[in-house]
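What follows is a set of notes on a single structure, which appears directly below.
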Amino acid sequence: FSLTVAAPGFSQAAKFNVTGEWVLDVQTDQGGGAPAFVFKQDGSKLTGKYKGLFGEADLEGTVNGNAIKFSFNADAQGTAITVVYEGEIESNDVMKGKVDLGGVGQGTFNGKRIK
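Numbering (our numbering), first residue to last: 7 to 121.
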């Protein structure tokens, strides 16, 4: 006797593909910025690069349906932090959500694909 449970969304192709270059408009209590991201999506797995206020970093994350979550490690004025973005994909060219700056700040983002 075996019981298999299919998790929703895992048996289907990803609803969105965010592979490409993006600019995210980020607003926090400490100010704002417009970091650049290059994403490579393979199924639900997300990898890529971040380039912005914290320099450059590799990122990794997931895409499940319209939910996206990714993070990277950064150096904030000598303190190692993990920056976590979590939000929803509205179309193949638009995403929005929240960002947690390693516990030292929080904010929101609106992203647009540029390539």
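Note that beta-carbon positions come from the ideal geometry of N, C-alpha and C, so glycine has one too.
Would you call ILE120 buried or exposed, if buried means 16 or more other Cβ atoms sit within 10 Å of its Cβ?
Burial call: exposed.
Entirely enclosed beta strand (DSSP E) segments - the stretch 13-72, minimum 3 residues:
Annotation note: the stretch 13-72 contains the following uninterrupted beta strand (DSSP E) runs of length 3 or greater, listed N- to C-terminal: 26-34, 37-39, 42-48, 51-58, 61-70.
Spatial neighbours of GLU62 in its chain, beta-carbon cut-off 7 Å, leaving aside the 5 residues before and after
LYS55, TYR56
Return the first residue and the last residue of the beta strand (DSSP E) that LYS104 is part of.
100-107
GLN4, DSSP secondary structure in three states:
Outside the modelled stretch of the chain, which goes from 7 to 121, sits residue 4, for which no answer is possible.
Using DSSP bridges, identify the partner residues of GLY113.
Among the bridge pairs identified by DSSP, GLY113 is matched with THR34, VAL105.
For a test of the three-state rule: what should DSSP assign to ILE74, helix, strand or coil?
strand
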